[in-house]
Amino acid sequence: MPMSLTEQQIERYSRHIILPEVGGKGQAKLLAGKVFIVGAGGLGSPAALYLAAAGVGTIGLIDADAVDLSNLQRQIIHATPDLGRSKVESATGKMRAINPDVTVHTYRERLTAANALELMKDYDFVIDGTDNFASKFLVADACHFARKPYSHAGILRFDGQTLTVIPGQTACYRCVFSAPPPAGAVPSCSQAGVLGVLAGVIGTIQATEALKHLLGIGELLVNRLLVYNALRMKFRDVSLRRNRQCPLCGEHPSITELRDEEPPVACALRADSLHTDRHET
Amino acid sequence: MRIKVNDKDVELADNTSITALLVVQNVKMPDMVSVELNGAILDRKAFETTALKPGDKVEFLYFMGGGDGIAPSAIKGPLAPTYRGDVAD
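Going down the list, the sequences are from chains A and B.
Quick note on numbering: our numbering labels position 264 of the first sequence as 264, and the sequence is numbered without any gaps.
Quick note on numbering: our numbering labels position 73 of the second sequence as 73, and the sequence is numbered without any gaps.
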């Protein structure tokens with residue numbers, strides 16, 4: 001930067017550029033920006049699509065899974081002809097179709113304590129679009145050790161919640177939830193469902209946070225958990241503060257290096273999650 | 001006495017503990033809930049010994065994970081989100 005925009009880019013991003021808070025400079029920041037999305041599922045889908053459309057220049061996408069018919073009710077980056085394809089490959093096709101300016105780095109593997117820090121080191125912001133507690137804690141911990149700002153989120157049935165964290169400065173995921181719930185508290189894998197559009201509402205908020213961070217504008221969703229209920233159509237803010245007893249960022253942290261939490265329960269594992277291959281497109 | 005739980009008024013007997021509040025509020029899986037009292041997250045070990053005072057503000061914050069799946073009706077209560085299962089992937 002400063003990066004000069006081509007005529008086509010000026011037209012493509014004209015609705016951004018016309019915003020005084022963004023302008024050509026802001027758009028150049030987005031084009032130079034790098035966002036890492038963990039999970040190309042419900043939350044990751046809208047985040048990846050909007051960030052690609054917005055011209056975030058480099059987007060990393062990690063997911064070990066393949067597209068399944070039951071995903072399509074909410075994972076809008078994937079379509080019926082993609083069934084059986086790897087999610088990262090399917091997602092990349094859509095992102096590049098929306099915006100060829102974007103470089104997509106894909107990682108067809110699980111995020112683990114062994115690879116997380118290396119994978120996220122070159123990115124500016126991380127979006128947690130994972131589907132299990134172990135991964136959510138891993139993302140939170142990895143972002144803490146890598147000092148990467150991140151957006152946490154979860155959805156279920158008609159509820160969603162999201163929180164942005166600047167490690168070392170604002171309340172983190174473990175300030176609120178010190179550890180994953182005990183295995184016995186998760187009695188079965190019977191899925192009780194989620195209204196698909198919840199993923200769109202919350203995933204789009206995560207993308208908004210990434211854009212604000214890259215642009216350096218507005219106030220991030222820090223030190224407050226945004227809680228959404230679709231049936232009552234209400235958003236609520238729960239104020240948070242850093243927890244001195246936080247095992248990760250408190251005064252006497254017990255977590256001093258990155259490690260994997262309990263693995264996801266067995267039925268969350270699929271044969272294809274054992275494959276590992278990486279692509280850069 | 002009156003306190004607020006997730007921004008709603010709740011009438012309680014004096015000196016009710018957090019543990020008792022979780023019972024009164026019919027939270028069947030307290031392991032899935034973090035409790036914030038007047039803006040600070042409360043250590044789980046203090047649930048039993050922390051007595052509520054009039055005007056206290058309590059927030060039940062629920063784990064919302066992903067495809068691990070929570071069995072239907074795992075957590076119930078008038079103020080609980082409709083916490084039955086989660087698919088955040």
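The C-beta atom is built at its ideal place from N, Cα and C for all residues, glycine as well.
- Residue nearest to R44 of chain B within the set B:K57, B:L22, B:I3, B:G55 is B:L22 (criterion: CA-CA distance).
- Using a 10 angstroms sphere on the CB of A210 of chain A, the tally of other CB atoms reaches 16 or more, which defines it as buried.
- Within chain A, the residues C175, V176, N243 have their CB atoms less than 7 Å from the CB of I41 of chain B, given in chain order.
- Counting only residues of its own chain and dropping the five nearest sequence neighbours on each side, S86 of chain A has a CB closer than 7 Å to the CB of A66, R108.
- Within chain A, the residues R236 have their CB atoms less than 7 Å from the CB of D7 of chain B, given in chain order.
- Taking 8 Å as the cut-off, the Cβ atoms of V38 of chain A and S135 of chain A count as close.
- Between L225 of chain A and V56 of chain A, the C-beta spacing is not below 8 Å.
- Taking the Cα of V35 of chain A as reference, the smallest distance to any Cα among A:H16, A:G129, A:N115 is reached at A:G129.
- The continuous beta strand (DSSP E) containing H152 of chain A extends over residues 150–156.
- Taking a C-beta distance under 8 Å as the contact criterion, C143 of chain A and V176 of chain A do not qualify as a contact pair.
- Beta bridge pairing from DSSP links A66 of chain A with A:S86.
- Rounded to the nearest angstrom, the gap between the Cα atoms of V5 of chain B and G23 of chain A is 44 Å.
- L21 of chain B: member of the alpha helix (DSSP H) spanning 18–24, first to last residue.
- Distances from the alpha-carbon of R96 of chain A to those of A:I77, A:S14, A:A207 put A:I77 closest.
- By the beta-carbon neighbour count (other beta carbons within 10 angstroms, threshold 16), Q206 of chain A is buried.
- Not one beta carbon of chain A lies nearer than 8 Å to the beta carbon of G55 of chain B.
- Per DSSP, R12 of chain A lies in no beta strand (DSSP E); the unbroken alpha helix (DSSP H) holding it starts and ends at 7–12.
- Contact with chain A is absent for D14 of chain B, since none of that chain's Cβ atoms lies less than 8 Å from the residue's Cβ.
- Under the DSSP assignment, V222 of chain A falls outside any alpha helix (DSSP H); it carries neither an H nor an E label.
- Using a Cβ distance threshold of 8 Å, G154 of chain A and P46 of chain A do not count as a contacting pair.
- A direct Cα-to-Cα measurement between G203 of chain A and T92 of chain A gives close to 17 Å.
- In the displayed model, L43 of chain A falls within coil according to three-state DSSP, outside both helix and strand.
- Within chain A, no residue has its beta carbon less than 9 Å from that of S17 of chain B; the closest one is some 19 Å off.
- Chain A places a beta carbon closer than 8 Å to that of L61 of chain B, counting this residue as a contact.
- Per DSSP, S34 of chain B is one residue of the beta strand (DSSP E) stretching across 33–37.
- Rounded to whole angstroms, the gap between the alpha carbons of R147 of chain A and L12 of chain B is 43 Å.
- Linking A40 of chain A to Q169 of chain A through their CA atoms gives a straight-line distance of about 28 Å.
- Annotation: L231 of chain A to R2 of chain B spans about 27 Å, alpha carbon to alpha carbon.
- In the same chain as A79 of chain A, and ignoring 5 residues on each side of it, no C-beta atom comes closer than 6 Å to its own.
- Residues of chain B whose Cβ lies closer than 7 Å to the Cβ of Q161 of chain A are, in chain order, M64.
- Residue burial is scored here from C-beta neighbours: Q161 of chain A has at least 16 other C-beta atoms within 10 angstroms and is therefore classed as buried.
- Boundaries cannot be given for Q245 of chain A, as no beta strand (DSSP E) includes it and DSSP labels it neither H nor E.
- In this structure, the straight-line span from the alpha carbon of K121 of chain A to that of A51 of chain B is close to 45 Å.
- C-alpha of T49 of chain B to C-alpha of G216 of chain A: approximately 44 Å in a straight line.
- Where L215 of chain A is concerned, the enclosing alpha helix (DSSP H) starts and stops at 197–215.
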